[in-house]
Every structure is written in structure tokens, then in C-alpha cells.
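The sequence shown begins at 1 in the UniProt record's numbering and counts up one residue at a time.
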Amino acid sequence: MNKDTPIPHSEDAAEQPRNLLDKAIVRIGNALSLLFLFTVAISFYEVVMRYVFNSPTIWVHESASFIGGCLFVFGGIYALATNKHVRVVLIYDAVSERTRQYLNVFHHIMGLIFSGLLAYAAYQMTLSAVLTPFGDIHFETSGSAWNPAFPAYVKITIFVTMCVMFVQFALHLIQEVLNLRKS
1 MNKDTPIPHS
11 EDAAEQPRNL
21 LDKAIVRIGN
31 ALSLLFLFTV
41 AISFYEVVMR
51 YVFNSPTIWV
61 HESASFIGGC
71 LFVFGGIYAL
81 ATNKHVRVVL
91 IYDAVSERTR
101 QYLNVFHHIM
111 GLIFSGLLAY
121 AAYQMTLSAV
131 LTPFGDIHFE
141 TSGSAWNPAF
151 PAYVKITIFV
161 TMCVMFVQFA
171 LHLIQEVLNL
181 RKS
């Protein structure tokens, strides 16, 4: 390799976190991804206990579902932080850079509305999962033999994640508008 040969980058610049919040989400997400290994391990444990020792567990399925569900929800803000969210590339790749900037602004405005409405709905869902009709704190449970409060925790996770996504979209929108004003 000579000095004129470009050094290949492992990640595209567009996929880099755009601000401190995105950087924190990526770091947390990378750490949380290890929970997938934990989920595989406890699922393997369940299979061995059930089919080898004929002693099934009552906690593995709900725990694996809870962890997987929370990680799936977190994946939304992770995808937004790394710019790997879904977009119509057939249109996006065929237009000029300036038009892409306008499409990004439109995308962020729609994302702001979407995440705001989802946060509101998640708030309503979380209230009913955490409070009784009389206002006492009582977390919704699964109703199984083990009966953990995982349904309430998942709803709290959805609410918090949607609030973070709302802030992400707001920060990205500000950045796109500033970029438009510069060019």
C-alpha cells in the first residue's frame, strides 16, 4: 500500500453517531447486545432441563421473551442513532444531495410526529400497567405460575424508548435544518 491508496473504513461516515445522545445509545446498545447471548444460554438451559432431566423451568420462556422484547424496542433508537433505519432508497439514491437534505428534514419531522404520538400512547399504556384504577402502584404481571411484572416493565421500556426517540428526531431535525442553511 502506498500513501495514495485510500485506507478502507470499517463503517460508512453516514452510519456514525451524529451527537452525544447517539453515541451513548450506540455504546449502551453494544453492551446490551450481550443479553442476546444470555437469552441463548438460558434457552439452552431450559432445553436441557426439560428434555434431559425432565424438569422444565417456569421462568426461562418469560425471561427470554422479556429480554428479547426490550432489546427489540431498543433496536429502534439504535437504528436511528447509526442511520440504519428504513428509507425508500429507490428515490433517495436517485436525487441530488440538496433534495436528500430536504427528504431528511421531511423524514425527521414525520419521525418527530410519529415518535411523539407513540410516546403518548405508550404513556397511557404504562399508566394502566403500573397504576390501579384508584391510583395505587401495582405493576401488571403476566398471570403465569411464576407471575413476574414483565408486562409492566416492557411497557415502561417502550415509553422511555419512545421519549428518547422523540429527542433523537428533534436533534437530528435541528442538525438537518442547520446543514440546509449552510449550503
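Here a beta-carbon is modelled for each residue, glycine too, at the ideal position from N, C-alpha and C.
Quick caveat, the model's predicted, so the values are computed rather than measured.
Pro151 and Ala121 have their C-alpha atoms some 15 angstroms from each other.
DSSP places Ile58 in the coil class of the three-state scheme, outside both helix and strand. Contact annotation: Ile158 and Val26 have beta-carbon atoms that are not nearer than 8 angstroms. For Ile67 and Thr141, the gap between their C-alpha atoms comes out near 15 angstroms.
The C-beta of Ile174 has fewer than 16 other C-beta atoms within 10 Å across all chains shown, which makes the residue exposed. By the Cβ-count criterion, Tyr51 is exposed, with fewer than 16 other Cβ atoms from all chains shown falling within 10 Å of its own Cβ. Taking Glu62 as reference, the option from Ile156, Ala149, Met165 with the minimal CA-CA separation is Ala149. Around His172, the same chain offers Arg18, His108 as residues with beta carbons nearer than 7 angstroms, after the five sequence neighbours per side are excluded.
Taking C-alpha positions only, Leu80 is separated from Ala94 by approximately 22 angstroms.
A distance below 8 angstroms between beta-carbons, with the five flanking residues on each side excluded, links Tyr153 to the following residues of its chain, in chain order: Phe66, Cys70, Phe139. A straight line joining the alpha-carbon of Met162 with that of Phe53 spans about 42 angstroms. In its chain, beyond the 5 residues on either side, Leu112 have a beta carbon closer than 7 angstroms to the beta carbon of Ala170. Contact between Ala145 and Ile58 holds, since their C-beta atoms are separated by about 5 angstroms, short of 8 angstroms.
Residue burial is scored here from C-beta neighbours: Lys155 has at least 16 other C-beta atoms within 10 angstroms and is therefore classed as buried. Between Met165 and Gly76 a beta carbon distance of about 6 angstroms is seen, short of the 8 angstroms cut, so the two are scored as contacting.
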